[in-house]
Amino acid sequence: LVLTEKDIADSLEELELILLENDVALSAVDAIVGTIRHDLTGTHRKIGSSIDAVVEKTLKHALRDVLGEGFDLTGYIDSHDRPVRVLFTGVNGTGKTTTVAKVAAYLKEHGYSVVIGSGDTFRAGANEQMKTHADRVGVKVIRHQHGADPSAVLFDAVEYARAHKIDVVLADTAGRFHNRANLMNQLEKIRRVMKPDLVVYVDEAVAGNDAVIRADEFNAAVGTDAVVLTKADMDTKGGAAISIVHTIGKPIMFLGVGQGYGDIIPFSPDRIVDDLVG
Amino acid sequence: RLGSGLKDALKKLAGKTVIDKVAVDELVRDLQRALLQADVNVKLVMALSQSIKKRALEEEPPKGMGVREHVLRIVYEELVSLMGQSAEVHLGPQTILMAGLQGSGKTTTTAKLARYFQRKGLRTGVICADIFRPGAYDQLLHLCRQINIPCYGEPGVTDADQIVKNGLAELAGNEVIIIDTQGRHALEDNLIDEIVRLNVISKATHRWLVIDAALGQQARDQARRFHEAISIDGVLITKMDGTAKGGGALSAVSETKSGIVFIGSGETIEDLERFDPNGFISRLLG
Ligand SMILES: Nc1nc2c(ncn2[C@@H]2O[C@H](COP(=O)(O)OP(=O)(O)OP(=O)(O)O)[C@@H](O)[C@H]2O)c(=O)[nH]1
Ligand SMILES: Nc1nc2c(ncn2[C@@H]2O[C@H](COP(=O)(O)OP(=O)(O)OP(=O)(O)O)[C@@H](O)[C@H]2O)c(=O)[nH]1
Ligand SMILES: [Mg+2]
Ligand SMILES: [Mg+2]
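Top to bottom, those sequences are chains A and B. The first sequence begins at 1 in this note's numbering and counts up one residue at a time. The second sequence begins at 1001 in this note's numbering and counts up one residue at a time.
Here it is, written out as structure tokens:
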């Protein structure tokens, strides 16, 4: 039984809608469904297997391909010179500051020493927020006064880590939009000054199609090595994970699943793929 | 005013006086893609395209109007009908309860609103009822100090009900009171219970839902939960200075049977604009 494009059309259309309804961006859905249509057309279907089942199996495989296996942070730290410098980037309100605190707690739990750089010197209450988190997690935070140069703060954080033989520097930055050239230039300067080993881009699971645009822009402006997808506890199927990874081809390091320090899980593709297509 | 995809599709209808089914199909397909990319709810996009296609094929263009203009008018009318009424802003005594998802922009918008009412000559006070987020009171106080607006909060206290009661008493001399609350989402039952209580305690005259312009398909379900809990009567879209189109706001408006009150267009206190349906729709389609 050779599958024609017509045979799989209905099945594909149904899956297309499911992906769209679960926040997979249109451009990612187009590309993925297009690939599946191309791969399946002209292939042989085993007698007894339904077309729906074949298409579904192929989709799961394609999604797993896109998502990859995640990013092993502790593995990275173990194989690199200390201090390992990690810079967190992203647009406003996605959960960067909270993620820095969660990652600090996670690393501390795994036996690493951490210092936090309070790199948001712009937003009201940012220093206070980061300091409170750092105190609760029990790690040192380096901060300057409100309005200071963020590059200087993060440079100091790295120097502090060197002087005190700290394993990891986690650098927070102010939220900013990719269409603000001056702010993206500032971020590029921060990167040049602090020379991070890892640039971690943070976005939220409930973001729609804009997640594609901004992931692309941030990757183009300062580069991205790994992604943290926050707010995955918001009743969402995590389609944004597919959109982002499909767009920039970088792995997801953690999923944020709540507002507590323990609400962070190392990424594995199975949960998302089964939720989406299950 | 239209995105290139829609412009090309409309071109195919230009100069025609008779409805061309193929051209209409193509236009509707392009419209669907534009709306999906703008984060309009999938089911809503499907329903909209059905009604637009039906009207385009069944309704006669008015005398003297080309097919292209006629179809464009239908698309526009269908979208405008979704926007709901442009919500009125009352310029008198009122208590506004702010609600929304984590990180949507409530605290920043609370300060912007205080500035708006202040400029209209109304004595305004703000209550920080966010007892959870570290630095929440500092953040709101800092913003309010910039514009000389009284900001009531009780750092260290974890009872939001008490803060609202005390804040209302403390700020009794003000005409407008705005209450900032912590972020919460549909699955956090204890937090939904909290905002139900705060709504009762505050005797809020308005309950506004703050949503991020980039919110995707979750907009409908989240808006629905907030509406079930406290009867939302206004929607504010923040971060419209980014590149997101705000399609989720259409769902928020239809779920809450309310309208869009204000748009947040930047990080500073002055970055608040009244909602303009025409501008919103052309951005949605662009
Ligand atoms: N439900 C949920 N909320 C989260 C998660 N991560 C962060 N938040 C909440 O999202 C809100 C914003 O978090 P922040 O850490 O301040 O976000 P940010 O990116 O640093 O924000 P800016 O610095 O203003 O750009 C806070 O209320 C956090 O508690 C998550 O995984 N799940
Ligand atoms: N560019 C831009 N940034 C905004 C806008 N509104 C809010 N922000 C930013 O978005 C981030 C989150 O804003 P907050 O006011 O802290 O959001 P919130 O809803 O109070 O967050 P939680 O209390 O944690 O739920 C901050 O960095 C704000 O400066 C806007 O209209 N444009
Ligand atoms: Mg932050
Ligand atoms: Mg807030």
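Even glycine gets a Cβ: it sits at the ideal position worked out from N, Cα and C.
Should M302 (chain A) be flagged as near chain B, meaning a C-beta pair shorter than 7 Å?
-> Residue 302 (chain A) cannot be examined here, being either before or after the span of chain A that is shown, 1 to 278.
Contact test: D1180 (chain B) Cβ vs ligand 1 heavy atom, cutoff 6 Å = Along the second sequence, read from residue 1 onward, the residue named residue 1180 (chain B) stands at position 180. Exclusion of D1180 (chain B) from the 6 Å shell around ligand 1 follows from its C-beta lying no nearer than that to any non-hydrogen atom of the ligand.
Going by DSSP, which residues form a beta bridge with I1211 (chain B)?
-> Mapped onto the second sequence, residue 1211 (chain B) falls at position 211. B:I1237, per the DSSP bridge assignment.
At 8 Å on the CB atoms, spell out the chain A contacts of H1227 (chain B), in chain order.
-> Stepping through the second sequence from its first residue, residue 1227 (chain B) is reached at position 227. What H1227 (chain B) touches in chain A: nothing, since even the nearest Cβ is about 16 Å away.
Name, please, each residue of chain A whose Cβ falls closer than 9 Å to the Cβ of T1243 (chain B).
-> Sequence index remark: in the second sequence, residue 1243 (chain B) carries index 243 (1-based). Neighbours of T1243 (chain B) on chain A, chain order: F177, H178, N179, D210, I213, R214 and E217.
Residues in its own chain within less than 8 Å of I1096 (chain B) by CB, not counting five upstream and five downstream?
-> Position 96 of the second sequence, counted from the first residue, corresponds to residue 1096 (chain B). Excluding positions up to five away in sequence, the list reads L1113, V1176, I1177, I1178, I1179, A1204, T1205, H1206, R1207 and W1208.
Compute the Euclidean distance between the alpha carbons of V54 (chain A) and T98 (chain A), then round it to the nearest angstrom.
-> The count along the first sequence starts at 1 and reaches residue 54 (chain A) at position 54. The count along the first sequence starts at 1 and reaches residue 98 (chain A) at position 98. Distance between the alpha carbons of V54 (chain A) and T98 (chain A): 41 Å.
With a Cβ-Cβ cutoff of 7 Å, do A1160 (chain B) and I1131 (chain B) count as a contact?
-> For the purposes of this step, residue 1160 (chain B) is taken as residue 160 along the second sequence, with counting starting at 1. For the purposes of this step, residue 1131 (chain B) is taken as residue 131 along the second sequence, with counting starting at 1. Yes.
With burial defined as no fewer than 16 other Cβ atoms inside 10 Å of the residue's Cβ, what is the status of V1040 (chain B): buried or exposed?
-> Locating residue 1040 (chain B) in the second sequence gives position 40, where the first residue counts as 1. With a 10 Å radius around the Cβ and a threshold of 16 neighbouring Cβ atoms, V1040 (chain B) comes out buried.
Tell me whether H1227 (chain B) sits in a helix, a strand or coil according to DSSP, three-state version.
-> What you label residue 1227 (chain B) is simply residue 227 of the second sequence in a count that begins at 1. Here H1227 (chain B) sits in helix by DSSP.
Would you call the CB atoms of I272 (chain A) and G238 (chain A) closer than 7 Å?
-> In the first sequence, residue 272 (chain A) corresponds to position 272, counting from 1. In the first sequence, residue 238 (chain A) corresponds to position 238, counting from 1. A contact, by the Cβ cut-off of 7 Å.
Could you tell me which of B:R1184, B:A1186, B:Y1152 and B:H1227 sits nearest to G1173 (chain B), measuring between CA atoms?
-> The residue labelled residue 1173 (chain B) in the question sits at position 173 within the second sequence. Per the Cα distances, B:Y1152.
Would you say the stretch 165-175 of chain A touches the stretch 113-127 of chain A, given that touching needs at least three Cβ pairs under 8 Å?
-> yes
Just the Cα atoms here: how many angstroms apart are D274 (chain A) and N209 (chain A)?
-> As a position in the first sequence, residue 274 (chain A) is number 274, starting the count at 1. As a position in the first sequence, residue 209 (chain A) is number 209, starting the count at 1. Distance between the alpha carbons of D274 (chain A) and N209 (chain A): 22 Å.
Checking contacts by CB at 7 Å: is L26 (chain A) closer than that to chain B?
-> Start at 1 with the first residue of the first sequence, and residue 26 (chain A) comes out as number 26. So yes, L26 (chain A) belongs to the interface.
Sequence-distant residues of its chain with Cβ nearer than 6 Å to R1073 (chain B) (five each side left out) = Here residue 1073 (chain B) is taken as the residue at index 73 of the second sequence, counted from 1. Result list for R1073 (chain B): empty, nothing under 6 Å.
Report yes or no: do the stretch 1179-1197 of chain B and the stretch 1224-1235 of chain B share at least 3 C-beta pairs separated by less than 8 Å?
-> yes
Buried versus exposed call for T43 (chain A) [16 or more other C-beta atoms within 10 Å across all chains shown] = Locating residue 43 (chain A) in the first sequence gives position 43, counting from the first residue. It counts as exposed.
For V1164 (chain B) versus I1195 (chain B), is the C-beta distance shorter than 7 Å?
-> Here residue 1164 (chain B) refers to the residue found at position 164 when the second sequence is read from its first residue. Here residue 1195 (chain B) refers to the residue found at position 195 when the second sequence is read from its first residue. The answer is no: Cβ separation not under 7 Å.
If you drop the 5 nearest sequence neighbours on each side, which residues of the same chain put their C-beta closer than 7 Å to that of Q1146 (chain B)?
-> Translated into the one-based positions of the second sequence, residue 1146 (chain B) becomes position 146. So the list reads I1269, once near-sequence residues are dropped.
R1269 (chain B) - DSSP class collapsed to helix/strand/coil | Counting from one through the second sequence, the residue named residue 1269 (chain B) turns up at place 269. Checking the displayed sequence, the identity of residue 1269 (chain B) turns out to be Ile instead of Arg. Coil, per DSSP.
How long is the line joining the alpha carbons of A1014 (chain B) and V1042 (chain B), rounded to whole angstroms?
-> Mapped onto the second sequence, residue 1014 (chain B) falls at position 14. Mapped onto the second sequence, residue 1042 (chain B) falls at position 42. Cα to Cα, the separation comes out at about 29 Å.
Would you say T236 (chain A) touches ligand 1, meaning its beta carbon is less than 6 Å from a heavy atom?
-> Counting from one through the first sequence, the residue named residue 236 (chain A) turns up at place 236. For ligand 1, not one heavy atom lies less than 6 Å from the Cβ of T236 (chain A).
Are any of the Cβ atoms in chain A nearer than 7 Å to that of G1216 (chain B)?
-> Your numbering for residue 1216 (chain B) matches position 216 in the second sequence. Yes, G1216 (chain B) counts as interfacial toward chain A.
Could you name the residues of the same chain whose beta carbon sits closer than 6 Å to that of A1244 (chain B), not counting the 5 residues immediately before and after it, in chain order?
-> Translated into the one-based positions of the second sequence, residue 1244 (chain B) becomes position 244. Within the same chain, A1244 (chain B) has close Cβ partners A1213 and A1214.
A240 (chain A) by DSSP, collapsed to three states: which one?
-> Working through the first sequence from its first residue, we reach residue 240 (chain A) at position 240. Looking at A240 (chain A) - three-state DSSP - the assignment turns out to be helix.
DSSP three-state call for I1263 (chain B): helix, strand or coil?
-> Stepping through the second sequence from its first residue, residue 1263 (chain B) is reached at position 263. In the structure shown, I1263 (chain B) sits in a strand (DSSP, three-state: E or B).
State yes or no: is the C-beta of K96 (chain A) nearer than 6 Å to some heavy atom of ligand 4?
-> The residue you call residue 96 (chain A) lines up with position 96 of the first sequence. No - ligand 4 has no heavy atom lying nearer than 6 Å to the Cβ of K96 (chain A).
Please find out if some non-hydrogen atom of ligand 2 comes closer than 6 Å to the beta-carbon of S1104 (chain B).
-> Mapped onto the second sequence, residue 1104 (chain B) falls at position 104. Checking every heavy atom of ligand 2 against the Cβ of S1104 (chain B), one is found closer than 6 Å.
Taking Cβ-Cβ distances shorter than 8 Å, what residues in chain B pair up with L20 (chain A)?
-> Sequence index remark: in the first sequence, residue 20 (chain A) carries index 20 (1-based). The answer, in chain order, is L1036, V1042 and Q1217.
Among residues of its own chain, excluding the 5 on either side of V33 (chain A), which ones have a beta-carbon nearer than 6 Å to its beta-carbon?
-> As a position in the first sequence, residue 33 (chain A) is number 33, starting the count at 1. The residues are L12 and E16.
Interface flag, H38 (chain A) vs chain B, CB-CB below 7 Å | As a first step, residue 38 (chain A) must be located in the first sequence, where it is residue number 38. Not one chain B Cβ lies under 7 Å of H38 (chain A).
Would you check if the distance between the CB atom of V200 (chain A) and the CB atom of G223 (chain A) is smaller than 7 Å?
-> In the first sequence, the residue the question calls residue 200 (chain A) occupies position 200. In the first sequence, the residue the question calls residue 223 (chain A) occupies position 223. Contact: no.
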